[in-house]
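Protein chains in written order, with the numbering used here: chain H, 9 to 208; chain E, 9 to 208.
We put the CB at the ideal spot given by N, CA and C, even for glycine.
For reference, the structure discussed in these notes is given below.
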């Protein structure tokens, strides 16, 4: 398999985390997340009409895009994706929450501050992203106060999806001290067998 | 079942469209999308930590949130969700695309212009949302130029998810004339048996 990848992207890290757990060998092709001018050529609309990373090129020639769709596909038949229909839907609920409420706030603020290192960030726009990030973290904190993991009381791809940008939320300029249940959950995820870091 | 609903929300419409196809009877509880001040009381964090509509309250007391997770759950075992693992992942790819690239642009611009009817919209912010919406539509147009539906050449919940806000994209101030393949697809979706409109 070939992963169209970006080392510091949390979305790509989800896929690498999942692949590390499966033991599947794969190649990585680094795509810039700061210079997006050549993506039509580097990725192509046949591979991914949205021209984003991660995109996975399977050995049979087919392509799959969107980080959460890719980890769902790789987790099928493993303990990381429950068999029960309602629990599977709950995994999806948290993955859609991650892509709608969490990533567009925390990942974007982190990108501005930490990845692109922009010097002319609009302070009002940054504050709005950080405030949206804190709202998402508050929802997670509420859920985790009575739970060890997001779904079915065990480690699933819902945890992988939410771990990716939560564990680097401080790089988005967000103070994580108000979220003790999240802090304990981050440690539980990092202690899973086969865990790799975003820099591995 | 009880659906925490908002009549003009495309996200809620996805669930109503799916429920109409299943024939399941359900009750609707209208939640305001303009006054969100009382959601902690009206929905509650146990039902949905993100306090959003749609949220579905099942007859056994359990709750499910996020429009695409709900329609996935309702479609399981029906022809609207393929059985093949790769096709299922492709359905998810397009549903995540919808929630990340499409809805945050088109639904938000539509909300500002058409639902909330704001008089002090920042023209730069509106233009950015409309431009993001056109990028998403361009990706859809490219995909549909050689296809009748998004996945597996038949009507699936990927089509339901993308139909919801695409068929009202003009309410976001977006000219739809550059997208003939999308126009033909919108007609195919609306011609499906059991189709209902957003106002039904």
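Rounded Cβ spacing between residue i and residue j (contact assumed at less than 8 Å)
{"i": "residue 13 of chain E", "j": "residue 39 of chain E", "result": "7 Å"}
{"i": "residue 169 of chain H", "j": "residue 20 of chain H", "result": "13 Å between Cβ atoms; not a contact."}
{"i": "residue 25 of chain H", "j": "residue 204 of chain H", "result": "6 Å"}
{"i": "residue 89 of chain E", "j": "residue 102 of chain E", "result": "Going by Cβ atoms, the distance from residue 89 of chain E to residue 102 of chain E rounds to 12 Å, so no, they are not a contact pair."}
{"i": "residue 74 of chain H", "j": "residue 94 of chain E", "result": "Going by Cβ atoms, the distance from residue 74 of chain H to residue 94 of chain E rounds to 14 Å, so no, they are not a contact pair."}
Backbone CA spacing between residue i and residue j [nearest angstrom]
{"i": "residue 51 of chain E", "j": "residue 68 of chain H", "result": "46 Å"}
{"i": "residue 134 of chain H", "j": "residue 85 of chain E", "result": "44 Å"}
{"i": "residue 83 of chain E", "j": "residue 30 of chain E", "result": "8 Å"}
{"i": "residue 143 of chain E", "j": "residue 35 of chain E", "result": "37 Å"}
{"i": "residue 192 of chain E", "j": "residue 115 of chain H", "result": "36 Å"}
{"i": "residue 99 of chain E", "j": "residue 161 of chain E", "result": "12 Å"}
{"i": "residue 206 of chain E", "j": "residue 198 of chain E", "result": "11 Å"}
{"i": "residue 140 of chain E", "j": "residue 48 of chain E", "result": "31 Å"}
{"i": "residue 173 of chain E", "j": "residue 71 of chain E", "result": "24 Å"}
{"i": "residue 54 of chain H", "j": "residue 151 of chain E", "result": "8 Å"}
{"i": "residue 27 of chain E", "j": "residue 44 of chain E", "result": "25 Å"}
{"i": "residue 62 of chain H", "j": "residue 106 of chain E", "result": "16 Å"}
{"i": "residue 119 of chain H", "j": "residue 194 of chain H", "result": "21 Å"}
{"i": "residue 201 of chain H", "j": "residue 154 of chain H", "result": "23 Å"}
{"i": "residue 111 of chain H", "j": "residue 126 of chain H", "result": "19 Å"}
{"i": "residue 78 of chain E", "j": "residue 96 of chain H", "result": "11 Å"}
{"i": "residue 175 of chain H", "j": "residue 117 of chain H", "result": "14 Å"}
{"i": "residue 15 of chain E", "j": "residue 9 of chain H", "result": "44 Å"}
{"i": "residue 159 of chain H", "j": "residue 185 of chain E", "result": "44 Å"}
{"i": "residue 249 of chain E", "j": "residue 128 of chain H", "result": "Residue coverage of chain E in this structure runs from 9 to 208, which leaves residue 249 of chain E outside it and unanswerable."}
{"i": "residue 131 of chain H", "j": "residue 124 of chain H", "result": "16 Å"}
Proximal residues to residue i (C-beta, below 6 Å), its chain only, five neighbours per side dropped
{"i": "residue 147 of chain H", "result": "none"}
{"i": "residue 163 of chain H", "result": "157, 200"}
{"i": "residue 171 of chain H", "result": "197"}
{"i": "residue 59 of chain H", "result": "47, 51"}
{"i": "residue 167 of chain E", "result": "157, 158, 197"}
Same chain only: Cβ atoms within 7 Å of residue i, ignoring 5 sequence neighbours per side
{"i": "residue 149 of chain H", "result": "187, 189, 190"}
{"i": "residue 22 of chain E", "result": "75, 79, 168, 169, 172"}
{"i": "residue 56 of chain H", "result": "63, 71, 73"}
{"i": "residue 92 of chain E", "result": "none"}
{"i": "residue 229 of chain E", "result": "A question about residue 229 of chain E goes unanswered here, because the residues of chain E that appear run from 9 up to 208."}
Given residue i as reference, the closest of the options once Cα atoms are compared
{"i": "residue 37 of chain H", "options": "H/65, H/104, H/58", "result": "H/65"}
{"i": "residue 42 of chain E", "options": "E/164, E/23, E/122", "result": "E/122"}
{"i": "residue 208 of chain E", "options": "E/179, E/9, E/18", "result": "E/18"}
{"i": "residue 113 of chain E", "options": "E/180, E/167, E/130, E/16", "result": "E/180"}
{"i": "residue 177 of chain E", "options": "E/56, E/138, E/128", "result": "E/138"}
{"i": "residue 108 of chain E", "options": "E/128, E/145, E/129, E/87", "result": "E/145"}
{"i": "residue 165 of chain H", "options": "H/128, H/87, H/130, H/131", "result": "H/87"}
If contact means a Cβ-Cβ distance below 9 Å, which residues of the segment 89 to 120 of chain E contact chain H? Against chain H - using a Cβ distance shorter than 9 Å - the residues of the segment 89 to 120 of chain E are 93, 94, 96, 97, 98, 99, 100, 101, 102, 103, 104, 105, 107, 108, 109, 111, 112.
Scan the segment 46 to 57 of chain H for residues whose Cβ lies nearer than 8 Å to a Cβ of chain E and list them as they occur along the chain. Listed by position, the residues of the segment 46 to 57 of chain H near chain E (Cβ gap below 8 Å) are 53, 57.
Scan the segment 151 to 183 of chain E for residues whose Cβ lies nearer than 7 Å to a Cβ of chain H and list them as they occur along the chain. Residues 151.
Quick one, which residues of the segment 64 to 76 of chain E are near chain H if we go by CB-CB under 7 Å, in chain order? The segment 64 to 76 of chain E vs chain H, Cβ under 7 Å: 70, 72, 73, 74, 76.
At a Cβ cut of 7 Å, what residues of the segment 78 to 89 of chain E count as close to chain H, listed as they run along the chain? Going along the segment 78 to 89 of chain E in chain order, one finds 80, 81, 84 with a Cβ nearer than 7 Å to chain H.
Chain E contacts from the segment 132 to 148 of chain H (Cβ-Cβ distance under 9 Å): In summary, the residues of the segment 132 to 148 of chain H whose CB is separated from some CB of chain E by less than 9 Å are 143, 144, 146, 147, 148, in the order they occur in the chain.
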